[in-house]
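Asks: Quick mapping for you: the protein sequence lines, in order, are chains D and A.
Numbering of the first sequence is given in this note's numbering, commencing with residue 6 and proceeding in unit increments.
Numbering of the second sequence is given in this note's numbering, commencing with residue 25 and proceeding in unit increments.
Glycine is no exception: its CB is placed at the ideal position from the N, C-alpha and C atoms.
I have a structure I would like to understand better, so I am pasting it below and will then ask my questions one at a time.
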Amino acid sequence: MATKKTQQITGGIDVSKTYKIFIGGAFPRTESGRYFDVKDKDGKFLANMCLSSRKDFRNAVVAARKAQEGWQDRSAYNRSQIIYRIAEMLQQKRSVFLDEMQAMGHSASRAQKEFSDSIDLLVYYAGWCDKYTQVYGAVNPVASSHFNFSVPEPTGVVAVMAENGSALKGVIKAVIPAVCGGNTAVVLASENFPLCAVSFAEVIATSDVPAGVINILTGKRSELQHHFASHMDVNALVVWDASASARMELGQHAAENVKRTFFYDSAETDAPGPEYIIDLQETKTTWHPVESIKGSGSGY
Amino acid sequence: MAKTDNNADWNLAPAPESTDHIHIDKRYELFIDGKFTAPSGKKYFKTVNPATEEVLAEIAEANGRDVDKAVKAARKAYNGVWSKISAKERAKYIFRIARLIQERAREFAVIESLDGGKPIRESRDVDVPTAAAHFFYHAGWADKLEYAFPVRKVSPLGVVGQIIPWNFPLLMAAWKIAPALATGNTVVLKPAETTSLTALKLAELIRDAGLPDGVVNIVTGAGATGRALTEHPDVDKIAFTGSTDVGKMIQRTVAGTDKKLTLELGGKAANIIFEDAPIDQAVEGIINGIFFNQGHVCCAGSRLFVQESVAAEVDRRLKHRMESLILGDPLDKNTDVGAINSKGQLETINSYLAKGKKEGLTMFQTDCPVPEKGFWCRPTLFSDVAQSSVIAREEIFGPVLAIQTFRTVDEVIDKANNTPYGLSAGVWTDKGSKIFNLTTRLKAGVVWANTYNKFDPTSPFGGYKESGFGREGGLHGLRAYVNLH
């Protein structure tokens with residue numbers, strides 16, 4: 006249970022929120038029953054977050070895998086509208102997120118900037134859903150009598166470690182480019198600022214995002230990262246702000262099933278772009294013969 | 025309509041390609057810094073004609089010091105020359121290589137068949153012309169890269185290490201070298217130890233083309249040479265084509281370094297025949313899919329899925345067509361199925377045949393005659409194969425086909441995707457909407473619809489899942505060789 010001191014309702018005490026995790030569209034607490042507490046900048050108790058376990062992660066991957074094909078099959082226009090809907094739902098909860106960020110120690114201006122950047126990021130990627138295939142697809146002029154084209158297709162299930170230094174924007178950067186491209190994602194939220202990730206899950210739950218497309222865990226990176234990297238049904242691993250030693254260890258684990266592995270540095274990559282979508286895409290090339298009417302001697 | 029006489033004598037007179045004009049040295053050195061250089065370990069290994077078991081030549085074995093020398097030469101060439109000359113001049117060098125391959129095409133084709141065992145018809149009509157086409161295509165990209173990556177600034181990576189397999193020796197060298205050079209990188213290439221000859225001939229040709237010293241270096245050897253290259257700290261990128269097991273080892277080796285990596289690994293492709301497919305064409309597609317290059321093809325259509333209603337017919341026609349395949353002298357222009365690339369590979373294939381039989385599967389082999397010397401495997405198919413069978417799960421890399429049947433579209437998609445691999449797939453049906461349903465849902469990097477085993481320099485090639493990552497060919501293939509800013 007979290008206690009909130011900032012908005013006392015006249016005549017009673019607050020009903021505080023129990024922060025949960027988000028797996029397959031549901032909000033369980035961790036199966037492990039473990040927690041870690043988050044304190045505000047004055048060291049006062051804020052919330053008992055779920056200390057997610059390997060089993061929680063594995064459950065989340067099952068949910069993500071189950072949701073993946075259906076999400077990929079949605080039209081790009083539909084995916085685009087759903088991501089835009091997330092922005093709409095987030096916008097109206099502005100005060101909730103500003104309160105949370107400030108409770109976790111953000112200054113008012115930092116919280117406002119992070120919130121508006123988050124909205125912008127969602128709107129930006131919402132617009133990419135039905136465009137990147139044209140930008141990155143191609144009709145290939147092969148020398149034989151074939152029609153040949155290449156299109157980007159989602160890699161599948163993506164496991165992401167969100168950056169630690171951000172409360173809301175980091176989790177959006179971590180999952181939205183992946184799901185924009187038809188992947189499903191499991192993300193571990195920032196260890197330092199975990200509250201907003203759970204509230205963001207509540208936004209997602211009311212934004213027409215199908216269950217399992219985005220799964221959000223809270224917990225310790227050091228405990229979960231090896232499982233993220235070694236899970237055999239995860240197609241891609243994205244780790245924000247990994248240390249040099251983590252890059253090596255996780256990269257080695259990821260080789261077990263030839264995971265596509267990306268280490269992004271939040272300090273270097275502030276500007277969003279379609280590259281984050283494309284990194285998590287496969288290029289599929291399709292061939293089909295073209296009848297050569299002249300060549301075959303037939304005519305119609 | 026006249027009935028075909030299946031008992032007619034179809035034996036064709038031998039039509040061997042001449043080898044008079046072919047010159048193979050007794051011994052080949054390493055190609056480093058523009059010169060053929062003796063290996064520092066003074067070790068050589070033999071390369072054998074797999075159709076006759078005769079030794080063709082001795083090949084230098086590069087050790088760690090030689091690899092280091094080659095990487096240093098490549099670095100020097102990158103810093104001193106290759107990164108300095110204009111892109112349009114770079115293009116001209118690559119165009120030259122393409123032309124020189126075309127001029128010497130027949131020689132390359134014959135050597136490819138001698139050293140690797142593939143039918144001359146394939147090396148002559150596929151491997152060599154496609155290799156030339158790869159250089160020609162990529163040459164033109166050199167001064168147009170800014171159009172390939174709009175909004176981004178493009179720069180080369182530096183020195184790239186490339187490791188290639190023995191199934192398409194010259195073609196794989198072209199797939200690797202051409203895009204690397206076009207994007208402004210210098211190269212250290214390691215060919216497979218059983219098929220070094222055409223790569224070394226290519227080195228001669230690159231020298232003839234006047235390419236600056238050290239821009240392309242070729243170090244021959246086996247696994248240890250490849251490991252030295254992947255572990256070398258001054259290599260900026262590794263491009264590997266080969267088995268999934270070795271690919272995983274390389275991915276582990278490269279983990280935590282700044283090296284970029286692309287992997288083109290194994291496959292276990294589904295080739296799917298629907299009841300409304302043109303069966304005769306589909307049978308040709310099955311044959312081409314699995315027996316092309318003796319099945320030594322990462323994208324071979326090694327899992328055949330036939331819709332139940334036509335299974336008996338396909339089985340009958342397929343066996344009939346298989347019986348007409350001519351196995352033998354790779355240099356004979358009538359040969360359809362050449363020699364297995366090496367003794368080791370033949371043993372691998374035979375161990376799978378034994379496993380299949382032990383599992384109780386029905387094995388069919390054609391009864392074509394097999395030469396006494398050399399390494400040979402008759403075209404083989406297993407029927408009644410279960411999804412769990414080793415024949416359906418593991419990459420055999422030989423002329424061995426596993427047949428399964430299916431009833432519904434969803435069933436065959438599930439079965440086809442039920443593999444850690446995802447390199448390629450084939451679909452045969454006359455119905456367009458069915459093709460697009462299948463091609464969309466099959467998890468494979470290349471999908472051939474009503475055709476199979478087609479390759480082109482403009483067409484990106486590469487896999488999903490454990491078949492690797494990154495693409496080779498086309499605009500998409502360039503991305504693996506550039507830094508974007």
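Any contact of the region 63-72 of chain D with the region 24-37 of chain D, i.e. 3+ C-beta pairs under 8 Å?
Replies: Short answer: they touch.
Asks: Tell me which same chain residues have a C-beta within less than 6 Å of the C-beta of A/K93, skipping the five on either side of it?
Replies: Looking up residue 93 of chain A in the second sequence gives position 69. Same-chain partners within the cutoff: I56.
Asks: Roughly how many angstroms lie between the CA atoms of D/P294 and A/D304, to the nearest whole one?
Replies: Position 289 of the first sequence, counted from the start, is the residue given in the question as residue 294 of chain D. Position 280 of the second sequence, counted from the start, is the residue given in the question as residue 304 of chain A. The alpha-carbon atoms of D/P294 and A/D304 are separated by roughly 15 Å.
Asks: Give a yes or no on whether the C-beta atoms belonging to A/G422 and A/I364 are separated by under 8 Å.
Replies: Here residue 422 of chain A refers to the residue found at position 398 when the second sequence is read from its first residue. Here residue 364 of chain A refers to the residue found at position 340 when the second sequence is read from its first residue. Taking 8 Å as the Cβ cut-off, A/G422 and A/I364 qualify as a contacting pair.
Asks: Using a C-beta cutoff of 8 Å, does A/E490 count as contacting chain D?
Replies: Walking along the second sequence from the start, residue 490 of chain A turns up at place 466. A/E490 counts as touching chain D.
Asks: Out of A/V506, A/I297, A/D49 and A/A279, point me to the one whose CA is closest to A/A473's CA.
Replies: Walking along the second sequence from the start, residue 473 of chain A turns up at place 449. Out of A/V506, A/I297, A/D49 and A/A279, A/I297 has the C-alpha closest to the C-alpha of A/A473.
Asks: Go to D/M109, then tell me how far its beta strand (DSSP E) extends in each direction, as first and last residue.
Replies: Counting from one through the first sequence, the residue named residue 109 of chain D turns up at place 104. Segment: none, D/M109 is in no beta strand (DSSP E) and carries neither H nor E.
Asks: When DSSP builds the beta bridges, which residues end up paired with A/E288?
Replies: Taking the first residue of the second sequence as 1, we reach residue 288 of chain A at position 264. Bridge partners of A/E288: A/T265 and A/G492.
Asks: Taking only beta carbons into account, state which residues of the region 95-128 of chain A come closer than 7 Å to chain D, listed in chain order.
Replies: Those residues of the region 95-128 of chain A that come within reach of chain D (Cβ to Cβ, closer than 7 Å) do not exist; the list is empty.
Asks: Identify the residues that DSSP records as bridge partners of A/I296: which are they?
Replies: What you label residue 296 of chain A is simply residue 272 of the second sequence in a count that begins at 1. A/I296 is bridged to A/F329 and A/V451.
Asks: Under 8 Å between C-beta atoms, does A/Q275 make it to chain D?
Replies: Counting from one through the second sequence, the residue named residue 275 of chain A turns up at place 251. Yes, A/Q275 lies at the interface with chain D (some Cβ there is under 8 Å from its Cβ).
Asks: Would you call the CB atoms of D/Y281 and D/P182 closer than 8 Å?
Replies: Here the question's residue 281 of chain D lines up with position 276 in the first sequence. Here the question's residue 182 of chain D lines up with position 177 in the first sequence. Going by C-beta atoms, D/Y281 is nearer than 8 Å to D/P182.
Asks: I want to see whether chain D comes within less than 8 Å of A/A163, judged by CB atoms only; does it?
Replies: Locating residue 163 of chain A in the second sequence gives position 139, where the first residue counts as 1. By this cut-off, A/A163 is not an interface position.
Asks: Note down, in chain order, each residue of its chain lying with its Cβ closer than 8 Å to the Cβ of A/A62, except the 5 sequence neighbours on either side.
Replies: To locate residue 62 of chain A, count along the second sequence from 1; it is residue 38. Contacts found: E53, L54 and A84.
Asks: Name the DSSP beta bridge partners of D/R265, please?
Replies: Counting from one through the first sequence, the residue named residue 265 of chain D turns up at place 260. D/A241, per the DSSP bridge assignment.
Asks: If you reduce the DSSP assignment to three classes, tell me which class A/L253 lands in.
Replies: Position 229 of the second sequence, counting from 1, holds the residue named residue 253 of chain A. Here A/L253 sits in helix by DSSP.
Asks: Would you list the residues sitting across from A/P40 in a DSSP beta bridge?
Replies: Your numbering for residue 40 of chain A matches position 16 in the second sequence. Looking at the DSSP assignment, A/P40 forms a beta bridge with A/D356.
Asks: Distance, Cα to Cα, A/G384 vs A/S412?
Replies: Walking along the second sequence from the start, residue 384 of chain A turns up at place 360. Walking along the second sequence from the start, residue 412 of chain A turns up at place 388. One C-alpha to the other measures close to 13 Å.
Asks: Whose CA, out of A/T254, A/G140 and A/D282, lies closest to the CA of A/V72?
Replies: As a position in the second sequence, residue 72 of chain A is number 48, starting the count at 1. It is A/G140 whose Cα lies nearest to the Cα of A/V72.
Asks: For chain A, is any of its Cβ atoms less than 8 Å away from the one on D/T291?
Replies: Sequence index remark: in the first sequence, residue 291 of chain D carries index 286 (1-based). Yes, contact with chain A.
Asks: Once you ignore the five residues that flank D/M106 on each side, which residues in its own chain have a CB closer than 6 Å to its CB?
Replies: As a first step, residue 106 of chain D must be located in the first sequence, where it is residue number 101. Excluding positions up to five away in sequence, the list reads A116 and A172.
Asks: For the structure I just gave you, are there three or more beta carbon pairs, one from the region 283-303 of chain A and one from the region 483-497 of chain A, closer than 8 Å?
Replies: Yes, since at least three Cβ pairs between the region 283-303 of chain A and the region 483-497 of chain A fall closer than 8 Å, the two stretches touch.
Asks: Does the region 220-233 of chain A come close enough to the region 110-130 of chain A that 3 or more CB-CB pairs lie under 8 Å?
Replies: Yes, the region 110-130 of chain A is in contact with the region 220-233 of chain A.
Asks: Using a Cβ-Cβ cutoff of 8 Å, what residues of the region 198-210 of chain A are near chain D? List them in chain order.
Replies: Listed by position, the residues of the region 198-210 of chain A near chain D (Cβ gap below 8 Å) amount to none.
Asks: Mind checking who A/A81 pairs with in its DSSP beta bridge?
Replies: Taking the second sequence and counting its residues from 1, the one referred to as residue 81 of chain A is at position 57. Paired residues: A/T71.
Asks: Can you tell me whether D/M94 is buried or exposed, with buried defined as 16 or more other CB within 10 angstroms of its CB?
Replies: Here residue 94 of chain D refers to the residue found at position 89 when the first sequence is read from its first residue. When all chains shown are included, D/M94 counts as buried.
Asks: Report yes or no: is there a C-beta of chain A within less than 8 Å of the C-beta of D/A116?
Replies: Translated into positions along the first sequence, residue 116 of chain D becomes position 111. False, the Cβ-Cβ gap to chain A never drops below 8 Å.
Asks: For chain A, find out if any of its Cβ atoms is closer than 8 Å to the Cβ of D/E207; answer yes or no.
Replies: Locating residue 207 of chain D in the first sequence gives position 202, where the first residue counts as 1. It does not: the Cβ of D/E207 has no partner Cβ on chain A nearer than 8 Å.
Asks: Using the Cβ count rule (16 or more neighbours within 10 Å means buried), how would you classify A/N35?
Replies: Sequence index remark: in the second sequence, residue 35 of chain A carries index 11 (1-based). With fewer than 16 Cβ atoms within 10 Å of its Cβ, A/N35 is classed as exposed.
Asks: Return the chain-ordered list of same chain residues with a C-beta closer than 6 Å to the C-beta of D/R90, the five sequence neighbours on each side being excluded.
Replies: Within the first sequence, numbered from 1, the residue matching residue 90 of chain D stands at position 85. The residues are S212 and D213.
Asks: Please decide whether D/T189 counts as near chain A, where near means a Cβ-Cβ distance under 8 Å.
Replies: One-based indexing of the first sequence puts residue 189 of chain D at position 184. No, no contact with chain A.
Asks: What does A/V471 touch in chain D if you count any residue whose Cβ is under 8 Å from its own?
Replies: Stepping through the second sequence from its first residue, residue 471 of chain A is reached at position 447. By Cβ distance, chain D contributes K289, T290, T291 and W292.
Asks: Does DSSP put D/R99 in a helix, a strand or coil?
Replies: Counting from one through the first sequence, the residue named residue 99 of chain D turns up at place 94. Three-state result, D/R99: helix.
Asks: Please go through the same chain and pick out, in chain order, the residues whose beta-carbon is closer than 7 Å to the beta-carbon of D/P33, but skip the five residues on each side of it.
Replies: Counting from one through the first sequence, the residue named residue 33 of chain D turns up at place 28. Within the same chain, D/P33 has close Cβ partners K25 and I26.
Asks: With distances taken Cα to Cα, identify the nearest neighbour of A/V259 among A/D282, A/I437 and A/R231.
Replies: The residue labelled residue 259 of chain A in the question sits at position 235 within the second sequence. Checked all of A/D282, A/I437 and A/R231; the closest Cα to A/V259 is A/D282.
Asks: Can you tell me whether D/I88 is buried or exposed, with buried defined as 16 or more other CB within 10 angstroms of its CB?
Replies: On the first sequence, position 83 is the one that residue 88 of chain D refers to. D/I88 comes out buried.
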